[in-house]
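A.B. asks:
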Amino acid sequence: MTDFCERLNEWKGNRLMPMIISKSGWLGLAFFSSFLLMAALSPVLAPYDPWYRFEPYLPPDELHLLGTNDLGQDILSELIFGSRASVIVGFGAALMSTAIGTAAGLVSGYFRGMADEIIMGITDIFLMIPQIPLIIVLAAFLRPSLWLVALLMGCLWWTSTARVVRSKALQIRETGYVQANRSLGFSSLHIMLSDVLPNITHVVMPKFLLSIASAMIAEASISFLGLGDPTMKSWGMMINFAFSRGGFLNGLWWWYMAPGLCITLFVLSVVLLGSMLEERESVSLRLQ
Amino acid sequence: MRRSLYLLASLLLLCMLMLSTASMGAEEATGEVLKIGSPNVIKSASILGDSNMGVFAHLSNPTLMKMAADGTIKGLTAGSSEVSDDGKTWKFSIKDNLYWSDGEKLTPVDVQFTFNYLAENYPAAGWMKNTVDNISIQEDGTLVFSLNKPYSRLNLEFATYPILAKHIWESIDDPMEYTNEGENVGFGPFYIASTDLGAGVIYFKKNPYWKGTAPKFDSIEIHTFANMDVLSLALEKGDVDAYYKYAGTYPYSSIDKLKETGNFEFVEKDNIGLIFLGMNLMKEPMSDLSFRKAISYAINYSEILKLDALGYGKVPNSGFVPPSMMNFKETAKLEYNLTQAKGILDGAGYKDTNGNGILEGKDGKEIKLTFLTRTDYQRPTELMVDYLKAVGIDSEIKNVDSSTWIKQKDAGEYDLTITRSTPWGMLMHANWGTGYFDSRRTGEGVLHVLDDAKFHQLCDDILAATSEDQLKDYAYEVQDYYAENLPAIPLYWNLVETPYNKAFQGWYSDPLYGIFNVDSFLSVEKTQ
Amino acid sequence: MSLTGRKAARYFIAIFLIITFNFAIPRSMPGDPLTNLLGEDVILSDSSVQELRSKMGLDKPLWQQYIEYWQSILRLDLGYSFHLHKPVSILLQDRMKWTLLLAGPALILGSALGAILGARAGWRSGSRREKVHTGILLAVYCTPPYFLSLISLYLFSFQLGLFPLKGLYSTGSAADIAHHLLLPAVMMTLFTLSRNYMIMRGSVLQEKSSLYAAFARAKGLYDEQILFRHIFRNALLPIITLLALDFGFILSGALFIEIVFSMNGMGSLIYDALLSRDYPVLQGSFLIITIMVVSANLLADLLYSRLDPRVKWE
Amino acid sequence: MTDLQDFMQGCSRAASESMANNQAILSIEDLSVSFETAMGRVMAADGVCLKLHERETVALVGETGCGKSVVVSSIVQLLPGNAYVRGRAIYEGRDLLSLGEKEMAGIRGSEIAMIFQNPSLALNPIIKAAEQIAEPVIIHWRLPKSQALDKAGEMLRRLGLGNRAIPGMFPFQLSGGMNQRVMIAAAMILSPKIIIADEPSKGLDANSADEVMGEIARLRDSAGASLLLITHDLGLARKISDRMAVMYCGQIIETGRCEDIFNQPLHPYTKALLNCLPQRGFQPIPGSSPSMIEPPEGCRFYPRCPERQDECCMKAGLQMVRILGPEGEVLREVRCRLY
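Chains as they are written, first to last, in our numbering: chain A, 83 to 370; chain B, 22 to 549; chain C, 203 to 516; chain D, 70 to 408.
#1: Determine which residues of the region 477-506 of chain C have a Cβ less than 9 Å from any Cβ of chain B, and write them out in chain order.
#2: Is isoleucine 227/C closer than 8 Å to leucine 216/A when the C-beta atoms are compared?
#3: At a CB-CB cut-off below 9 Å, which residues of chain A make contact with tyrosine 343/C?
#4: Quick check on aspartate 267/D: buried or exposed, where buried means 16 or more other Cβ atoms within 10 Å of its Cβ?
#5: Please classify glutamate 409/C: is it buried, with 16 or more other beta-carbons within 10 angstroms of its beta-carbon, or exposed?
#6: Are the region 304-324 of chain A and the region 420-431 of chain B touching, with three or more C-beta to C-beta distances below 8 Å?
#7: Leaving out the 5 sequence neighbours to the left and right, which residues in its chain are closer than 6 Å to asparagine 281/A when beta-carbon positions are compared?
#8: Would you decide whether methionine 347/B is buried or exposed? Buried here means 16 or more other CB atoms lie within 10 Å of its CB.
#9: Which residues, in chain order, does the region 408-423 of chain B contribute to contact with chain A at a C-beta distance below 7 Å?
#10: Give the residues from the region 409-435 of chain C that approach chain D closer than 8 Å (Cβ to any Cβ), ordered along the chain.
#11: Tell me the DSSP bridge mates of arginine 255/A?
#12: Which chain C residues sit within Cβ distance under 9 Å of threonine 443/B?
#13: What residue from Thr463/B, Ala451/B, Gln549/B, Ala524/B has the CA that sits closest to proline 171/B's CA?
#14: Can you find a CB in chain C that lies within less than 8 Å of the CB of valine 145/D?
#15: List, in chain order, every chain E residue whose beta-carbon is nearer than 7 Å to that of leucine 254/C.
#16: Taking C-beta pairs closer than 7 Å, name the residues in chain D that aspartate 510/C reaches, listed in chain order.
#17: If you reduce the DSSP assignment to three classes, tell me which class valine 190/B lands in.
#18: Could you tell me if serine 308/B is buried or exposed, where buried requires 16 or more neighbouring beta carbons within 10 angstroms of its beta carbon?
#19: Taking Cβ-Cβ distances shorter than 8 Å, what residues in chain B pair up with threonine 313/A?
#20: Relative to chain B, which residues along the region 322-333 of chain A have a C-beta separation below 9 Å, given in chain order?
#21: Using 8 Å as the Cβ pair cut-off and three pairs as the minimum, do the region 127-140 of chain A and the region 178-193 of chain A touch?
#22: How would you write the range of the beta strand (DSSP E) that aspartate 514/B sits in, first residue to last?
#23: Which bits of chain C does asparagine 248/B rub up against, with CB to CB less than 9 Å?
#24: Residues of chain C with CB under 9 Å from glutamate 256/A, in chain order?
#25: From the beta carbon of proline 138/A, is the nearest beta carbon of chain B less than 8 Å away?
#26: Taking only runs of the beta strand (DSSP E) that begin and end inside the region 184-266 of chain B, which ones reach a length of at least 3 residues, in chain order?
#27: Nearest by alpha-carbon distance to leucine 305/D: which of Asn276/D, Gln333/D, Pro240/D is it?
#28: Is asparagine 332/A helix, strand or coil by DSSP?
#29: Give me, in chain order, the residues of the same chain whose beta-carbon lies closer than 8 Å to that of lysine 278/B; leave out the 5 immediate sequence neighbours on both sides.
#30: With a threshold of 8 Å between beta-carbons, can isoleucine 275/C be considered close to chain A, or not?
#31: Note the first and the last residue of the continuous alpha helix (DSSP H) segment covering leucine 100/D.
#32: Are the beta-carbon atoms belonging to isoleucine 253/D and leucine 228/D less than 8 Å from one another?
#33: Counting C-beta neighbours from all protein chains within 10 Å, is the total for histidine 122/D 16 or more, i.e. buried, or is it exposed?
#34: Spell out whether any CB of chain C is found under 8 Å from the CB atom of lysine 171/D.
#35: Rounding to the nearest angstrom, what Cα-Cα distance links aspartate 425/C and leucine 500/C in this structure?
#36: Note down, in chain order, each residue of its chain lying with its Cβ closer than 6 Å to the Cβ of glycine 154/A, except the 5 sequence neighbours on either side.
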């Protein structure tokens, strides 16, 4: 987010600028990796089994650093296991939406003409589908699991990635090396994969990270509506139970502040990483 | 450019502060006001179309009969009620000191009109068409209902339908869709002056023509809250004076906080309704009695009581019916005994051959029960899944919203579900909770899973019973039936806690409608 | 076909398909308007259930319902809600009034302030004040909307008692309504503000090091003159498209705010209609959302081509 | 030493007189610019001294990346944030480098104007051409927009872009040459005293480059302004400028009159540069320009200099040798041990 590596209009050195990470970039990376670690090593890190029941509504003490919830389960262990849900939903939805979005954007940007028209038509439609009812519909049909929520978000949010990729593909399509390849008779699939795609990745990466962030916020909001996955610990569900089982009123602020803070920090770290990539991408673009 | 921005921001802040102070002192309504907070949000101002509005409207349009604290049925609009020996003719005398809020006198003709009108146009009263032949009025004004078959609970049913004014409702052809956000004519101690859906408030005013004991208040306001916590905050801050929830208690987790403030008292009553584990008896393995018995031993009742009801209640009997109901019979207490549960399962042929801790059914396949749950019952369901796993029964939770729950429950696409019974639900059909199990009756909240002929016969006998002790024997028979066959396993019998501000006293609670009844509003007053 | 012809065709097909979706989504949910209508204490005989179903038109085959659905849309009759006992059009009118009263100023103020503050932050990035602004708004951007609203409700309404606890109004006077709507409107503004601030800041950061900005400076423009005469218009382009895309988010954001502050606007109407499978209300409100999103996109396209002549020229 | 004597006789008397009497309008004294980057401190300019007299055109030539643009940009403080500038640039008695952004903005566009190299990028794509030309008038003279637009229209006519449609068109609708003229119009509209042109002919085809340079020269003469031209096109420099300064790796290694430098280049690098011209056989200079982070000690051209000697690469004492004319005016400066 800082701009210290402003372009050097005179310095045309051919040495590639080494990986420069701003201060906030480091912060984002640190938080991001610590949350990933927490998700991966939850069983090791968590002091207790999150499903084991102690005394309910215990305030934080040395035994339970964050106290216990309405079923007496240790909130700190729940918090640590909750990170898994965010990681699953975040990465699942982001991977899904980025994959579909990139494919759609690539095809419509590269082929233009009728393909572009159809795909852009579809994106218009997808933009207008109200999301919450779709989630309730699917929650009713299939057993509502985090994978389902991630899948659904993936199918709904590829439109913005598709638009970004399409505009980039349109640009790259006109560049010399693509025209050259086309004149050499390479198949358009080959050209798309070997030439256009690599140049698009630095546009897709920030988008990928930002969709992780919005997927996590959406998961928390859906759980707040009570439609989350009951078999899996998740921060959204913790907040939902905290507010529906008297945590808010009885001033058990640690019960809902801890997951709320975790969501914000995890999303913050992802956004910082995303914008840092964008920052580097915009700089490297201008240095060419 | 920057100066204008700061100007804008400071202006915004200023008007924010000015506004918050300006309307601090919202002007007090004239005269003595009693404000009641309720989580039962009304969606439309339709007395017969909106179930919550219907409950509140009982103050302006009282019912014919009422249920006394001990569960017996007494007259409210009716002076007295009597039934013939063969149970086919009912006689009700109507009190003659009741006047509508527009000055008209309430006459037996109004009552006759009400029941004919409801039988015709109100779906929930559709049963009257094929039970009541005709309603006639004798010269001395008593109403005579002649039925085509004995129906022992007619007076109980008449404790739920509001009496409507003939001169107003005869011109309304579809009562379900009739909404009136303005003044509703009523003959109770208060009448509905207006309903403000935007603010979620119903305003009652004193009925000028009310002849009975004079109420101590000039107006009553029902403030509905969508968010329970906000309602608790309002109660604490004194924005509302008392709390009322139809067929429900004040959330146990918020009770201590109210008690700490020191200016609240609680009306505590045994709940006729209860939380129970519903089972799909139409499907293996739930249809197997020994499997159900084993499950009944696998449940840790004291823990569920402690976690879900915070101890406000007691461990239930296998007889399902709570002690607060009429003709209660003490049946065997439900017991948490893991070894017993495993023993029964083993005896019944549910083995764990591959030793992975999950039992296989009689057909050799591993049992995987579907636990259908609604958002309000997620916590008890989580506990249940844990208890079942302890005895080797695997189950997966299917978390759905209420409409989906109703649909999939009616289609039998579940093995277990945790749901509740309301006081009126327990009294429905042949009373003592039979309405929930009799497979011949459908409804949103009922499970209709019991198609055992013996049970059906028992229900019909109750409906046709003509004398009190006959009803008593049948009641015992029903409770023994439950104890033996366990069609459903009650989780706990809980208490209904209704807080009210100490500044008011004289609350009176009845099993059906809690504190929201005519007698209560006549006796409650500001403490001196 | 000419450019506008093709664009119009695309929009027309999109609208047609979405309206069909609006018909299909409610019906694909298990249950129907009757399942959750009468309350859990009512036992019905089958005959009265059939009678109610035919009154609601649920017993007709699906394709017939679909044709009647289109006929009613063309007649601009949105049907009748059996749950709220009111014609849908009246319902939508007064609910939309409240949501617009809440989301309207938030949208306008949020995006305007977001654009200006974001531009200034992008222009003066690195200064201490800008770092503080960006930090706060980034935190708001990353918090789930409902969570922040609940905290603010607890803090301002209960602890400090500055604001009422619930509802759209209590006495109905203008000051009272404003008093009720102020906190939720501020929260909505904050969310829109944080979204636009982030996007604008990134966009200005990118535009600020362009050659035309340097040339503008070489022409003697001083500091913010460069920003607002040159960079702002270029940086505004991505904001416009994102605002149109964001429209759906604004409405769903309003849903959470309405639930937290227990206000019955469009958000809670849709949420209740969903739970009670109130088809006419769902179809009506989805139609309104579709119209608003489509018009937002049209407006964005129009504004975009007016602001950036290169689009028209293509 | 022989080149020196030849040079002495070669100077024509008339040329030196024209330089002597008019004052130096802009004098850059010991200007050093360095950039703080992650890879270390980049010394883009090192101790640059250059004088620009009234009505005079000086061409600053050198390979790309030798720091020409940095020197020029630093005069009007258009360097990016991480630049660190030392030295003075005296203009009308004031040191431009120490002025605040407010006063600097007052000078830019009205007294010192700059023309950028890449016209289609330097013009705002979504603002009409006429408006961008009229902007300095609105900013500096506070004239209403209509009057400013008229002046812009007039300016365009003087640059041969007279037809009606052009003022209303956008930069992306005009060709490179036309855009360049729009930029010249914007720079010259307030008839500034100094014009700085940063490679105006770059990216244009041959004849439109000549046309553009012709326009610049014509406007310069009519406004009586002095021109500081940055180019790597030596032919162009010879045609249009009076004096020339050759830069190499952040340092000025030779200045003098154009004709003299073309006829008798003194510094080995200038010779090598001239040999690169097509008419002299395209002889490339061996090796590549040194890094500006750790420039070589002593003479920076030492690694590639055909006439290098041992003491050339010694650290100390490489001074700018001045060769004075009969009245003491500076005819030639060269930074080389050979002289």
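C-beta atoms are modelled at their ideal positions from N, C-alpha and C, and glycine is treated no differently.
C.D. replies: If we stick to the structure as given:
#1: Cβ contacts with chain B: Leu477, Ser478, Arg479.
#2: Less than 8 Å divides the Cβ of leucine 216/A from the Cβ of isoleucine 227/C.
#3: Residues of chain A with a Cβ closer than 9 Å to the Cβ of tyrosine 343/C are, in chain order, Ala295, Val349, Leu350, Val353.
#4: Burial call: buried.
#5: Classification of glutamate 409/C: buried, given that the 10 Å Cβ count is 16 or more.
#6: They touch, by the three-pair rule.
#7: Close CB contacts of asparagine 281/A within its chain, under the 6 Å cut and outside five residues either way in sequence, are with Ile254 (chain order).
#8: Of the other Cβ atoms in all chains shown, 16 or more fall within 10 Å of the Cβ of methionine 347/B; this residue is therefore buried.
#9: Against chain A - using a Cβ distance shorter than 7 Å - the residues of the region 408-423 of chain B are Glu417, Ile418, Lys419, Asn420, Val421, Asp422.
#10: Answer in chain order: Ser411, Ser412, Leu413, Tyr414, Ala416, Phe417, Ala418, Arg419, Ala420, Lys421, Gly422, Leu423, Tyr424, Asp425, Gln427, Arg431, His432, Arg435.
#11: Beta-bridge pairing links arginine 255/A to no other residue.
#12: For threonine 443/B, the residues of chain C that pass the 9 Å Cβ criterion are Glu242, Asp243, in the order they occur in the chain.
#13: For the residues Thr463/B, Ala451/B, Gln549/B, Ala524/B, the minimum Cα distance to proline 171/B belongs to Ala451/B.
#14: Answer yes: the Cβ-Cβ gap between valine 145/D and chain C drops below 8 Å somewhere.
#15: Considering every chain present, this structure includes no chain E. Its protein chains are A, B, C and D.
#16: Neighbours of aspartate 510/C in chain D, taken as residues at a C-beta separation under 7 Å, are given in chain order as Ile195.
#17: The sequence given here places tryptophan at residue 190/B; valine does not occur at that position. Residue state, collapsed to three classes: helix.
#18: With fewer than 16 other Cβ atoms within 10 Å, it is exposed.
#19: Residues of chain B passing the Cβ test: Glu417, Ile418.
#20: So the close ones are Asn322, Phe323, Phe325, Ser326, Arg327, Gly328, Gly329, Phe330, Leu331, Asn332, Gly333.
#21: In short, these stretches do not touch, since the Cβ pair count stays below three.
#22: One point to set straight first is that residue 514/B is tryptophan, not aspartate, in the sequence displayed. Unbroken beta strand (DSSP E) run through tryptophan 514/B: 509-522.
#23: Result: Leu355, Leu367, Lys368, Ile461, Val462, Phe463, Ser464.
#24: None at all; the shortest Cβ gap to chain C is about 13 Å.
#25: By this cut-off, proline 138/A is an interface position.
#26: Here the runs fully enclosed are 211-217, 222-227, 240-245.
#27: Nearest of Asn276/D, Gln333/D, Pro240/D to leucine 305/D, Cα basis: Asn276/D.
#28: Asparagine 332/A falls in the coil class under three-state DSSP.
#29: For lysine 278/B, where only same-chain residues beyond five positions count, the Cβ hits under 8 Å are Ser253, Glu257.
#30: No - not a single Cβ of chain A is within 8 Å of the one on isoleucine 275/C.
#31: Not the alpha helix (DSSP H): leucine 100/D falls in the beta strand (DSSP E), residues 93-106.
#32: Contact: yes.
#33: Counting Cβ neighbours within 10 Å, histidine 122/D comes out buried, since at least 16 surround it.
#34: With 8 Å as the cut-off, lysine 171/D counts as an interface residue toward chain C.
#35: Approximately 35 Å, taken between the alpha carbons.
#36: Taking C-beta separations shorter than 6 Å and ignoring five residues to either side along the sequence, the partners of glycine 154/A in its chain run Arg135, Phe136, Glu137, Pro138, following chain order.
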